[in-house]
Each structure stands twice: as structure tokens, then as C-alpha cells.
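The opening position of the sequence shown corresponds to residue 13 in the numbering used here, with each subsequent residue numbered one higher. What follows is a single structure, written as C-alpha cells, with notes after it.
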Amino acid sequence: MADVTDAAFRRMIAKYSAHKRADGTVGGPDVMWTEFVSADGLLRATPEGRKKLLADLKYSEEERPIVAQLFTAVPEHMEKAARLCRELGFDGVDINMGCPDRSIEKQGCGAAMIKNPDNAREIIRAAKRGAGDLPVSIKTRIGYNKDILDEWLPVILREDVAAVTVHARTRKEMSKVPARWEHVAAAVAIRDALGSHTLILGNGDVPSLEDAHNKVKSTGADGVMLGRAIFGNPWLFHPNKDLSTAPLAERLRVMVEHTALFEKLLSHKNFAIMKKHYKAYAQGFDGAKELRVKLMETHTAAEVGDIVTHFLQTR
């Protein structure tokens, strides 16, 4: 998610969702995606602009497997950007064909791709050329103005991509209606009917890991991509910890740590972006509303730290 799953937050998730499984392996999210990055910008931006975009592709080893998400309507740009992602050491390349943002659509990207299947095919092929042996995946929706999954999904599947994340709404619906997970089940049926080996991931209105597991069982999907559920909750993938059960002092300490990491890694970004997480971190306890009001007035990690310290000392 743009301005949410940035390098700072992914590191927090990797740290606080990490847990040891019974077999000795380290658990957490099965895979992470970067924010989506403009392939056009990576190739045509000014040196300063390109530097900022490359900062959006920062990652740490703890985040692996990590997939770079790109968007463009120009096959040549996609090929070169995918090659760059391979050179940067990413574990996969994902193409966004579902973003409903008008500024993205005006470029022929995001959800606009649904209306241009011929170019979508060329974009996928270009990404595969650039990515080499890396898996290429797609994130999309069930349609633009209406459900056309039975027409649109086969276009993607016939390109033999590794995975398709299906957001269970049309572009027109945005997030104004509940996600309809019967369409994810339909996507699985379409995949199976074509004899494709592409993984189908569902997306939309998944508030918890428990709900994700239930939706996998009910639809036959291979997995779930979580979005809004992750806001301010780096413990989401930990089996024994959660935002709601974390002691207040720990929750706020982690919020301060997250803020400091954002400031360190993403100093080029507007500090207001970090504030999206404060509503989640600071909720469900006495004085939460008053604390959020003060947090919304901050401009630095130091200010956030001072406010939290004072809040905890005066409780």
C-alpha cells in the first residue's frame, strides 16, 4: 500500500511479527511487497527524483522474501525497471493493475489496465523479460465498472504469471461496498478450468489472520494479501501477540520506534505520512483521543517521543 508498507514499517513488521515455529524456522508474513513504484519515474525522473524512488525500494534482509511492485503503461520501461529490481536483489516483481487513483489511471496504469488487455499482456511479457528467473505477479480487481473476471483473469493467466492477487471489488466500487469474496472463489475456478498453476491470492476486507485463514478455506485461494489490517499493528503475524493485547507502554514505545525509523530511512517523505499509523497505535485506552490530537501536531520523531514519555509519566 502506498505510504503504508514503506521500508520503515516493513522492518517493524519483520521484527515484531517474527516468531519461532515448532520446526525451528522463523515465522512471520510469507512474503512482503514494497509500495508501488513508477517504472517511468525510475527511468525518466531527474537524479533527485530517481533517488527518492529508489529509496522506496529500500529493504532489509529480514524482510525476505520481498517483492517490488511497479506500475507503468510502457512495456520498455517495465522491462528495464524489472531488470533493475532483479539487480537490486528482489525476490520477485509485481505489477499493479488495480490502483484506482486518478493520477495513476491517467497514465494508463493501475486499474486502467483492465480496459486495455492488449497492453496488459505486453506489460507482463516485458516484466518477465526484465525479471529473468524471478517470479512475476499481478495485483488487480474483478473489473473496472462491472465484474468481468471471466474475461479479464484469463488474459493474465495465459501469460503464465506466478501469482495473481484479486481484490474482490471493481474499480468503480473502490472500497465503498464490502469485498465480495465469492469472486475470489470464482477466480480459483477460472484458474483451475484453464489448467493454470498460477497462485490465486484474495484481497479486501480482511481484518485479522483468523479471518484470512477462514477466507482461504471458504474460497480455495492459495493465500491472502493483507492491507488495512496492518495499520499500526506490526505484531499482526505473531501468533501470540496483537495490538489489542500489547501492554500500553510497549505499544507506544513501538510507535515511537516506528516513527524514528521512518524519519531515518524516509527523510524525503512528508512526516504526515507516518501519522496514518497513530490512530491504530493510540486507540482503545483512556486518554487515547487526547494523545492522538497531540500526535497529529508533531513534526519530528523527537516530538513524538517527548509526548509519549509525558503521557506515560502522568497516567
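All C-beta atoms in this analysis are idealised placements derived from N, C-alpha and C, irrespective of residue type, glycine included. Quick caveat, the model's predicted, so the values are computed rather than measured.
- Between E171 and I136, the gap from beta carbon to beta carbon is short of 9 Å.
- Judged by DSSP in its simplified three-state form, H311 adopts coil rather than helix or strand.
- Short of 8 Å from the beta carbon of K32, and not among the five residues preceding or following it, lie these beta carbons of its own chain, in chain order: V38 and G39.
- DSSP assignment within the segment 92-170 yields the following whole alpha helix (DSSP H) runs of 4 residues or more, N-terminal first: 114-117, 129-143 and 161-169.
- Buried is the label assigned to D68, since at least 16 other Cβ atoms lie within 10 Å of its Cβ.
- With a cutoff of 9 Å on beta-carbon distance, I150 and I107 are scored as near each other.
- Counting the other CB atoms within 10 Å of its CB gives P41 a total of 16 or more, which places it among the buried residues.
- The closest CA to that of I168, considering only E74, N226 and R133, is found on R133.
- Annotated as proximal: G104 and V148, with beta-carbon spacing under 9 Å.
- The criterion of a C-beta distance shorter than 9 Å is not satisfied by A175 and G216.
- Following the DSSP letters along the chain, one finds L66 inside the alpha helix (DSSP H) bounded by residues P59 to A67.
- Here D204 is exposed, its C-beta having fewer than 16 other C-beta atoms within 10 Å.
- For A80, there is no enclosing alpha helix (DSSP H); the enclosing beta strand (DSSP E) covers residues I78 to F83.
- Taking C-beta separations shorter than 7 Å and ignoring five residues to either side along the sequence, the partners of P251 in its chain run H31, following chain order.
- The alpha helix (DSSP H) runs lying completely inside the segment 237-297 and spanning 4 residues or more are 260-277 and 290-293, given in chain order.
- The residues L248, in chain order, have a CB closer than 6 Å to that of I242 in the same chain once the five nearest residues on each side in sequence are set aside.
- Straight through space, the alpha carbons of V316 and L307 are spaced by roughly 6 Å.
- If you draw a 10 Å sphere on the C-beta of G142, you find 16 or more other C-beta atoms in it, and that means buried.
- Spanning the alpha carbons of A123 and V16 requires a straight line of approximately 19 Å.
- Bridge pairing for G39: H31 [DSSP].
- Within its own chain, the residues whose Cβ lies closer than 8 Å to the Cβ of K27, once the five positions on either side in sequence are excluded, are E74 and P246, listed in chain order.
- Bounds of any alpha helix (DSSP H) do not take in T210, whose DSSP letter is neither H nor E.
- Per the coordinates, the alpha-carbon of I154 lies some 20 Å from the alpha-carbon of P219.
- Only residues of its own chain outside the window of five on either side were considered, and among them A123 and A124 have a CB closer than 7 Å to the CB of E117, listed in chain order.
- Note that the C-beta distance between A80 and T46 is below 9 Å.
- Distance check between G120 and each of L146, D145, F83 and E88 places F83 closest, using alpha-carbon atoms only.
- According to DSSP, residue pairing for T177 in a beta bridge involves K151 and L213.
- Where S50 is concerned, there is no enclosing alpha helix (DSSP H), although the beta strand (DSSP E) around it starts and stops at M44 to S50.
- Within the DSSP secondary-structure output, G317 pairs in no beta bridge.
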